[in-house]
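Participant: In my numbering, the protein residues as written are 615 to 776.
Ideal Cβ placement from N, Cα and C applies to all residues, glycine included.
Let me begin by handing over the structure; questions about it come next.
So this is what it looks like as structure tokens:
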């Protein structure tokens with residue numbers, strides 16, 4: 615049971631890092647938007663979308679994060695929600711700060727490169743956004759194969775206890 619919990623926690627942290635590594639925004643705020651701030655303003659620019667998206671992920675609001683994402687991102691959000699459901703509620707909350715945020719917009723695609731900081735580390739991240747029906751949406755690639763590879767590596771790192 616303990617090994618299963620450790621695997622889920624490790625998977626959640628890795629998925630959170632992967633999500634963070636695929637995102638960014640314009641001005642550099644001191645911290646991610648709060649729920650109250652975000653509810654009053656619909657994100658319009660790629661930078662605003664990335665900040666709001668990350669705030670939703672940090673607070674485990676994956677359905678709201680999906681509302682700022684393309685449809686192919688849904689399986690990742692569903693997987694993250696499942697992992698978080700099996701962990702203590704406050705242990706999976708993360709507070710991410712944008713240290714730097716730069717988006718390069720070309721037609722209907724934006725690539726945002728960020729330097730992010732959370733409770734554990736500072737790291738680079740990249741978000742890809744696609745403009746769909748006039749709205750910028752985070753586009754997380756379908757990396758099912760990558761998750762299968764990760765699961766194989768995890769099994770090797772944490773062999774089952776006999």
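1) Considering Cα atoms alone, identify which of 655, 657, 684, 666 is closest to residue 710.
2) Using 8 angstroms as the threshold, is the C-beta distance between residue 660 and residue 717 below it?
3) Compare the C-alpha of residue 753 against each of 689, 733, 702 and name the closest.
4) Does residue 687 come out as helix, strand or coil in the three-state DSSP assignment?
5) Could you spell out where the alpha helix (DSSP H) holding residue 721 opens and where it closes?
6) Can you tell which of 721, 727, 708, 707 has the C-alpha that lies nearest to the C-alpha of residue 715?
7) Just the Cα atoms here: how many angstroms apart are residue 804 and residue 662?
8) May I ask which residues mark the beginning and end of the beta strand (DSSP E) holding residue 751?
9) For residue 683, does the count of other Cβ atoms within 10 angstroms reach 16, so buried, or fall short, so exposed?
10) Please confirm whether residue 719 and residue 736 have their CB atoms less than 8 angstroms apart.
11) Rounded to the nearest angstrom, what separates residue 672 and residue 747 at their Cα positions?
12) With a threshold of 8 angstroms on Cβ separation, who are the neighbours of residue 691 within its own chain once the five nearest residues in sequence on each side are excluded?
13) How would you label residue 751, buried or exposed, when you count the other beta carbons within 10 angstroms and need 16 or more for buried?
14) Taking only three categories from DSSP, how would you classify residue 714?
15) Taking just the CA atoms, how far does residue 721 sit from residue 702?
16) Starting from residue 736, trace the beta strand (DSSP E) both ways and give me its first and last residue.
Facilitator: Working from what's here:
1) 666
2) yes
3) 689
4) helix
5) First-last for residue 721: undefined, no H or E at that position.
6) 727
7) The chain is shown only over 615 to 776; residue 804 falls outside these bounds and no answer can be derived.
8) 749 to 752
9) buried
10) no
11) 26 angstroms
12) 676, 677, 679, 680, 683
13) buried
14) strand
15) 42 angstroms
16) 736 to 746
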